[in-house]
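To start, the structure under review is shown below, and the notes come after it.
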């Protein structure tokens, strides 16, 4: 197993473990502060631009069209999805109140993840594993809430 593959597979597990472990030490004020940090990352200019790229250049595309995207665009999309995955990890670990996240950015989040499916499928074909599992699972739960 290559080092890159090992890190890619183990980092979400480590992130969830650390999130759950730290949750026990947090207060309501800490969770509210964490929500504002998560929201700030989601609304960051670079992440918003990445979500826009997902909607414009990924939604409804085929794998060969995704493969033809410029490398900088793919990198920006990947960064955006990684941020969204970290938000999902924070919600799943209960470091952030998922209800607040759902009310403030749930529709946007679920829409962006639905639009990103062709990109995620393409990455899975290339790497052999499905990235952003937490984000996909969280987006599914958001769609079920509405």
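Residue numbers (my numbering): 3 to 148. Heads up, the beta-carbon is just placed ideally off N, CA and C, and yes, glycines get one too.
query, result
"Can you tell me where the alpha helix (DSSP H) with residue 103 in it begins and where it stops?", "100-117"
"Beta-carbon within less than 8 Å of residue 36's beta-carbon, same chain only, minus the 5 sequence neighbours each way: which residues are those?", "28, 92, 97 and 98"
"State yes or no: is the C-beta of residue 89 within less than 8 Å of the C-beta of residue 40?", "yes"
"Could you pull out every residue in the same chain whose Cβ sits closer than 8 Å to the Cβ of residue 43, ignoring the five residues on either side in sequence?", "49, 85, 88 and 89"
"Is the Cβ-Cβ distance between residue 141 and residue 56 less than 8 Å?", "no"
"Flag this pair as yes or no: are the beta carbons of residue 120 and residue 60 separated by less than 8 Å?", "yes"
"Pick from 103, 130, 54 and 127: whose alpha carbon is nearest that of residue 82?", "54"
"Taking just the CA atoms, how far does residue 31 sit from residue 128?", "42 Å"
"Is the beta carbon of residue 69 less than 8 Å from the beta carbon of residue 124?", "yes"
"By the 10 Å Cβ neighbour count, where 16 or more other Cβ atoms means buried, how is residue 45 classified, buried or exposed?", "exposed"
"In three-state terms, what does DSSP make of residue 65?", "helix"
"Below 8 Å on the Cβ atoms is my contact criterion, and I expect residue 95 with residue 144 to pass it. Report the Cβ-Cβ distance as a whole number of Å.", "At roughly 17 Å, the Cβ-Cβ gap does not stay under 8 Å, so residue 95 and residue 144 are not in contact."
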